[in-house]
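Asker:
2 protein chains.
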Amino acid sequence: MPSSIFDTSAPHGEASRLVAFSGNTIDRQSEFRSEDELPKAMAEESTRFFAITGDRLIMRAEGEATPVGLLEKRELDKFHPELRDTILLGRTEEGEALLAVHCLIQADNLPEPYKAIDARSVYRQLLMDQKTLGAYAQANSLVQWARSNRHCGRCGSAMTAEAGGYRRKCSACSHAVFPRTDPVVIMMVIDEENRRCLMGRSPHFPEGMYSCLAGFVEPGETIEDAVRRETLEESGIRVGRVRYHASQPWPIPHSLMIGMIGEALSDEITYDSRELEDCRWFSVEETEAMLATSLGDAAKTPPPGAIAHRLMRDWIDWPRTS
Amino acid sequence: MPSSIFDTSAPHGEASRLVAFSGNTIDRQSEFRSEDELPKAMAEESTRFFAITGDRLIMRAEGEATPVGLLEKRELDKFHPELRDTILLGRTEEGEALLAVHCLIQADNLPEPYKAIDARSVYRQLLMDQKTLGAYAQANSLVQWARSNRHCGRCGSAMTAEAGGYRRKCSACSHAVFPRTDPVVIMMVIDEENRRCLMGRSPHFPEGMYSCLAGFVEPGETIEDAVRRETLEESGIRVGRVRYHASQPWPIPHSLMIGMIGEALSDEITYDSRELEDCRWFSVEETEAMLATSLGDAAKTPPPGAIAHRLMRDWIDWPRTS
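Chains as they are written, first to last, in the numbering used here: chain A, 1 to 322; chain B, 1001 to 1322.
1. Quick one: complete beta strand (DSSP E) runs, 3+ long, within the region 259 to 301 of chain A?
2. Thinking just about the alpha-carbon of each residue, which of P1111/B, N1140/B, S1247/B is nearest to the one in L1076/B?
3. Among E1093/B, F1006/B, A1135/B, V1239/B, which has the Cα closest to the Cα of A10/A?
4. With C-beta atoms as the reference, is I1223/B less than 8 angstroms away from M1260/B?
5. Would you mind telling me which residues of chain B sit closer than 7 angstroms to C152/A, beta carbon to beta carbon, in chain order?
6. Let me know the secondary structure DSSP gives R1243/B once reduced to three states.
7. Opposite G1200/B in the DSSP bridges: which residues?
8. Which residue wins for smallest C-alpha separation from G1236/B, given the options K1040/B, M1199/B, P1179/B?
9. Are at least three pairs of beta-carbons, each pair with one atom in the region 231 to 248 of chain A and one in the region 149 to 166 of chain A, less than 8 angstroms apart?
10. The beta strand (DSSP E) that contains G1013/B, what's its start and end?
11. Thinking G215/A and V185/A are a contact (beta carbons under 8 angstroms), I'd like their distance in whole angstroms, please.
12. Would a check of beta-carbon distances place Q130/A closer than 8 angstroms to chain B?
13. Give me the chain A residues within the contact set of S1141/B, using Cβ-Cβ distance strictly less than 8 angstroms, ordered along the chain.
14. Helix, strand or coil for M1312/B, going by three-state DSSP, please let me know.
15. Considering Cα atoms alone, identify which of R196/A, A135/A, Y210/A, P319/A is closest to D267/A.
16. Per the DSSP calculation, H1151/B is bridged to which residue(s)?
17. Please report how far the alpha carbon of L1018/B lies from the alpha carbon of T1025/B, in whole angstroms.
18. How would you call R1310/B, buried or exposed, if buried means at least 16 neighbouring beta carbons within 10 angstroms?
19. Please state whether DSSP places W318/A in a helix, a strand or coil.
20. Between S148/A and chain B, is the shortest Cβ-Cβ distance under 8 angstroms, so that the two count as touching?
21. Residue range of the alpha helix (DSSP H) that D225/A falls in?
22. Rounded C-beta distance between V122/A and A51/A? I'm assuming under 8 angstroms.
23. So what's Y1136/B in DSSP terms, helix, strand or just coil?
24. Does the pairing of the region 134 to 153 of chain A with the region 32 to 52 of chain A give three or more beta-carbon distances under 8 angstroms?
25. Mind checking which residues open and close the alpha helix (DSSP H) that includes M1128/B?
26. Taking Cβ-Cβ distances below 9 angstroms as the criterion, which residues of the region 1175 to 1203 of chain B are in contact with chain A?
27. Who are the neighbours of L1256/B on chain A, taking C-beta pairs under 7 angstroms?
28. Short of 7 angstroms in beta carbon distance, which residues of its chain neighbour R942/B, apart from the five on each side in sequence? Order them along the chain.
29. Is there a Cβ from chain B that is less than 8 angstroms from the Cβ of S322/A?
30. Answer with yes or no whether the minimum CB distance from S283/A to chain B is below 8 angstroms.
31. Using the Cβ count rule (16 or more neighbours within 10 Å means buried), how would you classify E1039/B?
32. Straight-line CA distance for R1124/B to R120/A?
33. Where DSSP assigns a beta bridge to Q1248/B, which residues make up the other side?
34. Can you say whether S1322/B is buried or exposed, counting buried as having 16 or more other CB atoms within 10 angstroms of its CB?
35. Check this for me: beta carbons of L88/A and L71/A, under 8 angstroms apart or not?
36. What does a CB cutoff of less than 7 angstroms around S22/A pick up in its chain, not counting 5 residues either side in sequence?
Laid out in structure tokens, this is it:
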């Protein structure tokens, strides 16, 4: 019996620290922002912007250097930024304000030396350090939310940004909306006795890749029940006990991945062909071999930093008595 | 070292099964509903409805009997139901369809023998069995979401319900929205060495009541970081390790409570008076005595079924070596 509630048997410490998009250290304040903080931040020389067009980030890509995702205000003008809807993300540990703004310029119409890069590529191509990538997760989630809430869902009138962009309020009926985050369960379902795990592949995956099953938590559902329901729906496998393992902000457009481990109670797979192209059991050895390919062009699992990768790795590395 | 990943040291098994609103056993199908299933369910004699006006449930309250929350179709007519936006929740284990509909009648204008009761009272007054209460959590979350998405957030045009009400689509720009669930962290922050826990009271609480701190997970944030940030903001206490304990659907209007246990790394409380009226440390003995009051009129903690109550109870009951 552990001597502390916090002594879990999980390997590698807090798994949520080891996934991509989780390195944000910004001091937020979110809905407590006073109305003068955004204009103040806009006027500061040191302020940097995430400039987003559609679902892509505008990055400065000069020569062979790593592209830069945090831009200066003077760079924005040519992108037709929607400044009214600028969001104050907060301040870095050094006191610099970080802002996010959507721009109307088309991704394929950007002047040199700028490129528009989607969130998945920003992370997979390692274009940012962990802190910046974490801040960008916040930026993209908020910008995509704001874009989907230009009009009031109650009455259809225009909404106005308040509290540094953290609240949007209807100009007609005063209905207020707050940022949206969609909880998703992603689960490593395991058969402990036979040391194997359940994974599937979506038709959208690169050839040969498998990953954990996943799905949105439903209204009026616990996390554990979501794991059992989604696994049953997608694979036909019944799940008993469920254990939390890690979480990950997933800013495409604004999800929270909740990484769980589920206990398989049945054996025979009948997968849902609307969602999956294949679903099967993998041994520890197979999974280990697949993880070894994950940095290459023929990756058979999601890359390090993906919560599915973390679940696979930690299942294999879990301390065992037997 | 445990012999199974699923052997955690938590007392009382899966804590999420022991909280209110978690007993839903409906077979959903959610966005996979075909368009003919809702009209088919509407026409069946056995179908029952949750009829909601504003944020309250219309219940049939005859004499001394427990009010009934699932109504027949013929009862709805007098409530001016918005039938176009009816939501098919799914089917019970017995095959009955359960539906949810918002009604335009005012709560104070209901004919005998109907009453409109808010979600918190439905649960606190034990007006439903666990399964029905779970289905009602799904119903209220979906109805409140649909009410806030009558118009398209992108262009302001009217939205139409599809897939049994599980998807709303813009009649003009085709933008689609899906049900919203807001993840909230609620945390028992503990000082293991001194066997005490951190709780606060909001000005809205009944006199003498304390509970766990809580707050929305921010865009671009892990669950663990949300626990550390919210605890620091609300109480000034720094949190180190964080452990997941339970989740609870909270349909007011559509949250997912994520119950966590946090390790206090500091001692001195400086609470945020914008959110709290008091915040302090409680010993095991004090907490135990407070829990004993929770069913009475002078409850000092939330009632059994509240996830905060569960966190307090399980902290006290956690197996200890020392």
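Ideal Cβ positions, reconstructed from N, Cα and C, are used throughout, including at glycine.
Answerer: To lay it out plainly:
1. 278 to 283
2. For the purposes of this step, residue 1076/B is taken as the residue at position 76 of the second sequence. Of P1111/B, N1140/B, S1247/B, the residue nearest in Cα terms is P1111/B.
3. Counting from 1 along the first sequence, the entry for residue 10/A is found at position 10. Taking only the C-alpha atoms, the option nearest A10/A is F1006/B.
4. For the purposes of this step, residue 1223/B is identified with residue 223 of the second sequence, where counting begins at 1. For the purposes of this step, residue 1260/B is identified with residue 260 of the second sequence, where counting begins at 1. Against a cut-off of 8 angstroms, the Cβ pair of M1260/B and I1223/B comes out as a contact.
5. Against the first sequence, residue 152/A aligns to sequence position 152. Per Cβ cutoff of 7 angstroms: H1151.
6. Position 243 of the second sequence, counted from the start, is the residue given in the question as residue 1243/B. Of the three classes helix, strand and coil, the one that applies to R1243/B here is strand, per DSSP.
7. Mapped onto the second sequence, residue 1200/B falls at position 200. According to DSSP, which records beta bridges pairwise, G1200/B is partnered with S1211/B, C1279/B.
8. Sequence index remark: in the second sequence, residue 1236/B carries index 236 (1-based). The shortest Cα separation from G1236/B among K1040/B, M1199/B, P1179/B belongs to M1199/B.
9. no
10. As a first step, residue 1013/B must be located in the second sequence, where it is residue number 13. Element bounds for G1013/B: n/a, residue is neither H nor E.
11. Working through the first sequence from its first residue, we reach residue 215/A at position 215. Working through the first sequence from its first residue, we reach residue 185/A at position 185. About 6 angstroms separates the two Cβ atoms, so the contact holds.
12. Stepping through the first sequence from its first residue, residue 130/A is reached at position 130. No, because no Cβ of chain B sits closer than 8 angstroms to the Cβ of Q130/A.
13. By 1-based counting over the second sequence, the position of residue 1141/B is 141. Here the neighbours are P219, G220.
14. Mapped onto the second sequence, residue 1312/B falls at position 312. Helix.
15. Locating residue 267/A in the first sequence gives position 267, counting from the first residue. Checked all of R196/A, A135/A, Y210/A, P319/A; the closest Cα to D267/A is R196/A.
16. Within the second sequence, residue 1151/B is the residue found at index 151, counting from 1. Looking at the DSSP assignment, H1151/B forms a beta bridge with A1158/B.
17. Walking along the second sequence from the start, residue 1018/B turns up at place 18. Walking along the second sequence from the start, residue 1025/B turns up at place 25. So the two alpha carbons sit approximately 14 angstroms from each other.
18. On the second sequence, position 310 is the one that residue 1310/B refers to. Under this definition R1310/B is a buried residue.
19. Indexing the first sequence from 1 puts residue 318/A at position 318. Coil.
20. For the purposes of this step, residue 148/A is taken as residue 148 along the first sequence, with counting starting at 1. Output row for S148/A: interface = yes.
21. Translated into the one-based positions of the first sequence, residue 225/A becomes position 225. From DSSP, the alpha helix (DSSP H) with D225/A extends over 223 to 235.
22. Start at 1 with the first residue of the first sequence, and residue 122/A comes out as number 122. Start at 1 with the first residue of the first sequence, and residue 51/A comes out as number 51. V122/A to A51/A, Cβ: 13 angstroms. No contact.
23. Taking the second sequence and counting its residues from 1, the one referred to as residue 1136/B is at position 136. Correct three-state label for Y1136/B: helix.
24. yes
25. Counted from its first residue, the second sequence places residue 1128/B at position 128. That residue, M1128/B, is in no alpha helix (DSSP H); it is neither H nor E in DSSP.
26. H1175, V1177, F1178, P1179, R1180, T1181, D1182, P1183, I1190, E1192
27. On the second sequence, position 256 is the one that residue 1256/B refers to. What L1256/B touches in chain A: P183, V217.
28. The requested residue 942/B is not part of the displayed model; chain B covers only 1001 to 1322.
29. Numbered from its first residue, the first sequence carries residue 322/A at position 322. Below a pLDDT of 50, predicted positions are generally treated as unreliable, and S322/A, at 48, falls in that range; the measurement from the model is reported next regardless. Yes, its Cβ sits closer than 8 angstroms to a Cβ of chain B.
30. Numbered from its first residue, the first sequence carries residue 283/A at position 283. No - not a single Cβ of chain B is within 8 angstroms of the one on S283/A.
31. Walking along the second sequence from the start, residue 1039/B turns up at place 39. One point to set straight first is that residue 1039/B is Pro, not Glu, in the sequence displayed. Classification for P1039/B: exposed.
32. Translated into the one-based positions of the second sequence, residue 1124/B becomes position 124. Translated into the one-based positions of the first sequence, residue 120/A becomes position 120. Going by the C-alpha atoms only, they are around 45 angstroms apart.
33. Walking along the second sequence from the start, residue 1248/B turns up at place 248. Bridge partners of Q1248/B: M1257/B.
34. Counting from 1 along the second sequence, the entry for residue 1322/B is found at position 322. For S1322/B, the pLDDT reaches just 47, beneath the cut-off of 50, and the residue's location in the model is therefore unreliable, although a value from the coordinates is still provided. Under this definition S1322/B is an exposed residue.
35. Position 88 of the first sequence holds residue 88/A. Position 71 of the first sequence holds residue 71/A. Not in contact: L88/A and L71/A (Cβ atoms no closer than 8 angstroms).
36. Mapped onto the first sequence, residue 22/A falls at position 22. Once the five neighbours on either side are set aside, the close Cβ partners of S22/A are S16, G134, Q248, P249.
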